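*Asks:* When you line the sequence shown up against this note's numbering, it's residues 161 to 585, in that order.
Virtual Cβ for every residue (Gly too), placed ideally from N, Cα, C.
Since the structure is predicted, the reported quantities are computational estimates derived from the model, not experimental observations.
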Amino acid sequence: MVQITRRRLLEAGTALSAGALLTGCGSPFDDTTAAGGNVLEFVTFYTGPDGVVMQQIVDRYNEQSTGAQVRMSAPAYGGDYLTKLVTSTIAGNPPAIMALHNNEVPPLRRFLHEIDLASMSFAESDFGEGTQDLAVVEGRRLGVTMSTGPQAMVYNRRLFEAAGLDPDAPPQDAASFVEAGKALRDIDVWGFIREPATWMPWLTMNWQNGGELVDGDRALFGSDAAIEAIDMERRWVHEDGISPSQLLDGVQMGQQFQDEQVGMIFIGPWGLADMVKANEEGGKDFGVAPVPTFFDAAPAVAATSHIYCIPKQRSNDDWVHAEAAKFIEWVVREGSVTWAGSQAPSFNGVDAEVAASDDPVIAAMTTFVQEQPRARFVPYAPRWNQAFTYLINATQSIVYRNEDPVALMTDAAEQATAAIEGAGR
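1) Span of the alpha helix (DSSP H) holding residue 364?
2) Can you give me the start and stop residues for the alpha helix (DSSP H) that residue 520 sits inside?
3) Helix, strand or coil for residue 282 per DSSP?
4) List the residues that DSSP assigns as beta-bridge partners of residue 424.
5) Please determine, among 407, 336 and 312, the residue with the shortest C-alpha to C-alpha distance to residue 357.
6) Could you check which residue in 522, 573 and 202 has the C-alpha nearest to that of residue 228?
7) Less than 7 Å separating the beta-carbons of residue 426 and residue 365?
8) Would you decide whether residue 566 is buried or exposed? Buried here means 16 or more other CB atoms lie within 10 Å of its CB.
9) Between the segment 326-334 and the segment 534-549, do three or more beta carbon pairs fall short of 8 Å?
10) When the Cα atoms are used, what is the spatial distance from residue 513 to residue 497?
11) Does residue 512 come out as helix, strand or coil in the three-state DSSP assignment?
12) Could you tell me the alpha carbon to alpha carbon distance between residue 466 and residue 490, rounded to whole angstroms?
13) Any idea what DSSP makes of residue 549, helix, strand or coil?
14) On a Cα-Cα basis, can you pick out the residue from 280, 210 and 264 that is closest to residue 484?
15) What does residue 588 pair with, by DSSP beta-bridge criteria?
16) Can you check whether the CB of residue 304 is closer than 7 Å to the CB of residue 487?
17) Let me know the secondary structure DSSP gives residue 309 once reduced to three states.
18) Looking only at its chain, what residues have a beta carbon closer than 8 Å to the beta carbon of residue 298, apart from the 5 residues adjacent to it on each side?
19) For residue 301, collect the residues of the same chain with a Cβ closer than 8 Å to its Cβ; drop the 5 residues on either side in sequence, then sort them by chain order.
20) Straight-line CA distance for residue 323 to residue 461?
21) Indicate the three-state DSSP secondary structure (helix, strand or coil) for residue 272 in the structure shown.
22) Measure the C-alpha to C-alpha separation of residue 224 and residue 218 and round it to an integer number of angstroms.
23) Any idea what DSSP makes of residue 333, helix, strand or coil?
24) Let me know if residue 402 comes out buried or exposed under the rule of 16 or more other beta-carbons within 10 Å of its beta-carbon.
25) One question on the structure: do residue 212 and residue 313 come within less than 7 Å of each other, judged by their Cβ atoms?
26) What is the C-beta distance between residue 532 and residue 288, in whole angstroms, given that I count them as a contact (C-beta under 8 Å)?
27) Give me the residue from 537, 551, 577 and 581 with the minimum Cα distance to residue 568.
28) Could you tell me which residues DSSP pairs with residue 505 in its beta bridges?
29) Are the CB atoms of residue 464 and residue 309 nearer to each other than 7 Å?
30) Can you pull the DSSP bridge partners for residue 413?
31) Taking 7 Å as the threshold (C-beta atoms), are residue 372 and residue 363 in contact?
32) For residue 534, count neighbouring Cβ atoms within 10 angstroms of its own Cβ and tell me buried if that reaches 16, exposed if not.
33) Could you tell me if residue 504 is buried or exposed, where buried requires 16 or more neighbouring beta carbons within 10 angstroms of its beta carbon?
34) In angstroms with no decimal places, state the Cα-to-Cα distance between residue 541 and residue 580.
35) So does residue 318 have its beta carbon nearer than 6 Å to some heavy atom of the ligand FMN?
36) Could you tell me whether the Cβ atoms of residue 351 and residue 423 are closer together than 7 Å?
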């Protein structure tokens with residue numbers, strides 16, 4: 161548990177100037193890497209505050225580089241981003257370095273160079289447990305995992321005190337989570353508001369309950385573990401009364417939390433700077449803690465990943481490959497502490513420096529870094545976006561409209577399986 165104190169925030173006020181830059185950054189993707197010149201294209205999905213932080217790191221690299229200069233862009237996020245990369249790669253004009261999520265590596269695997277950690281003077285033990293496995297496809301390491309994005313719980317310490325709860329002892333399991341939620345309802349605020357889509361609590365809870373998402377071409381949303389997990393979320397709304405029954409999107413969720421209408425939410429590390437800024441500029445008292453263990457079958461918390469890969473070039477490939485590898489090694493070694501201002505770095509050589517930082521965002525990122533051993537990631541599956549939509553629709557109907565968990569999760573699994581199987585025909 162990390163307390164984001166106002167004193168620490170005021171001491172580090174100047175370090176937070178980038179926190180106000182919450183818009184996307186980066187130039188339009190031009191599908192070139194200028195391989196014949198001295199510029200490497202580094203294409204990312206960092207369209208928010210993480211883009212601001214990474215641009216600072218890239219600028220530092222360019223100031224000291226005696227070789228290539230790096231030009232970062234952030235052309236899109238989600239399916240559009242992967243489509244742009246696949247299109248440019250097939251056309252023979254990939255960027256020199258691309259940032260990918262773990263489930264985006266397999267579709268590009270035949271276009272990517274194999275990575276040798278030893279050639280960068282790294283060993284797997286230099287990184288958080290399991291983080292480098294995310295870039296291994298069919299036994300080949302195709303990237304370096306710069307960071308992961310595990311979820312954590314942010315809670316309102318002031319509301320906890322008002323509700324008679326100990327702000328230094330946030331909930332750690334299902335029973336204490338519901339207990340805290342009911343105490344918060346007694347002071348007329350919601351105990352918890354969920355992210356209903358991409359980062360819905362069900363992902364973490366299903367994995368904690370021993371569930372999986374897919375097995376080959378088969379979606380497993382209708383398993384006993386999956387149904388038990390979504391039924392717990394349903395009970396929070398319709399039986400325990402700690403969460404609202406109306407559908408809320410991620411922006412509303414965060415805003416209601418900052419408006420002190422709710423005591424607990426789950427966020428990824430990219431949302432941490434907003435909470436720190438609210439403490440500093442709004443006089444809030446938000447703390448950060450691990451997501452509770454709702455089920456104890458397996459350690460788990462939903463997470464994303466940031467993997468840096470080197471595509472094969474049609475021309476000048478040796479030079480681009482060497483310079484891209486040099487950039488990735490430098491960014492991991494020299495940029496990870498700065499990167500902790502927006503994401504949880506995988507390089508454990510900076511853990512102590514992150515924890516001791518005077519920057520309150522970086523210091524609070526320690527909670528997310530420590531969650532990496534529990535991190536679980538959405539696997540690759542064909543037509544996953546379509547399959548995931550069926551899952552989202554089912555979970556929303558169950559949680560918000562109190563519909564039958566067994567019937568809806570079973571139907572969602574069948575629809576998702578048909579979509580995944582259809583991709584191979």
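*Replies:* This is what the structure holds:
1) Its alpha helix (DSSP H) spans residues 361-368.
2) Residues 520-524.
3) Residue 282 falls in the coil class under three-state DSSP.
4) 315 and 352
5) 407
6) 202
7) no
8) exposed
9) Fewer than three pairs of CB atoms, one per stretch, sit closer than 8 Å, so the segment 326-334 makes no contact with the segment 534-549.
10) 7 Å
11) helix
12) 16 Å
13) helix
14) 280
15) Given a span of 161 to 585 for the chain in the structure shown, any question on residue 588 remains unanswerable.
16) Remark: C-beta atoms of residue 487 and residue 304 do not approach each other more closely than 7 Å.
17) The answer is strand: DSSP assigns residue 309 an E or B state.
18) 269
19) 274, 275, 276, 277, 292 and 295
20) Each residue's Cα considered, the two are about 27 Å apart.
21) Strand at residue 272.
22) 10 Å
23) strand
24) With at least 16 other beta carbons inside 10 angstroms of its own, residue 402 counts as buried.
25) The answer is no: Cβ separation not under 7 Å.
26) 4 Å
27) 551
28) 307
29) yes
30) For residue 413, which the question treats as bridged, DSSP gives no partner whatsoever.
31) no
32) buried
33) buried
34) 7 Å
35) No copy of the ligand FMN occurs in the structure displayed, which carries no ligand at all.
36) yes
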